[in-house]
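Colleague: Take the working numbering: the last position of the sequence shown gets the number 88, and nothing is skipped along the way.
Cβ atoms here follow ideal geometry from the backbone N, Cα and C, with glycine treated the same way.
Being a predicted model, the structure only gives us computed values, none of them experimental.
Got a structure for you, questions after.
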Amino acid sequence: MTGKAVKYQRGLDLLANITAVRELSNKGFIVAGDRTFTTWQVDFDHVNWGTVKGTEVAIQDWQDGKIIRERIVL
Numbered sequence: 015m016t017g018k019a020v021k022y023q024r025g026l027d028l029l030a031n032i033t034a035v036r037e038l039s040n041k042g043f044i045v046a047g048d049r050t051f052t053t054w055q056v057d058f059d060h061v062n063w064g065t066v067k068g069t070e071v072a073i074q075d076w077q078d079g080k081i082i083r084e085r086i087v088l
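Dropping the structure here:
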């Protein structure tokens with residue numbers, strides 16, 4: 015997925031289909047140069063996916079104070 019508008023819309027679509035949230039908590043982060051790793055514990059119900067429960071890691075590459083690349087691993 016490329017572009018702010020596409021990522022924003024995908025986020026809205028995700029949120030619109032969540033029916034219950036039991037946990038969404040930040041478990042920590044690491045900064046290594048221009049890369050950050052943020053760990054989240056998630057547990058929610060989604061209309062299409064059912065129960066989503068696990069640990070998510072967001073890997074972000076930064077340049078000039080902006081995220082230029084992001085990967086999400088669940």
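Do you know how far the Cα of A34 is from the Cα of T69?
Modeller: 17 angstroms
Colleague: Roughly how many angstroms separate the alpha carbons of L27 and W54, rounded to a whole number?
Modeller: Sequence check: residue 27 is Asp here, not Leu. Approximately 20 angstroms between the Cα atoms of the pair.
Colleague: Using the C-alpha atoms, what's the distance from W63 back to W76?
Modeller: Distance between the alpha carbons of W76 and W63: 31 angstroms.
Colleague: To the nearest angstrom, how far is the alpha carbon of V45 from that of D59?
Modeller: A direct Cα-to-Cα measurement between V45 and D59 gives close to 31 angstroms.
Colleague: Are the beta-carbon atoms belonging to V71 and L88 less than 9 angstroms from one another?
Modeller: yes
Colleague: Looking only at its own chain, which residues have a Cβ that is under 6 angstroms from the Cβ of K41, when we skip the five neighbours before and after it?
Modeller: T53 and Q55
Colleague: Could you say which of G79, Q74, R83 and I81 lies nearest to F43 if we only look at CA atoms?
Modeller: Minimum Cα distance to F43 is reached at Q74.
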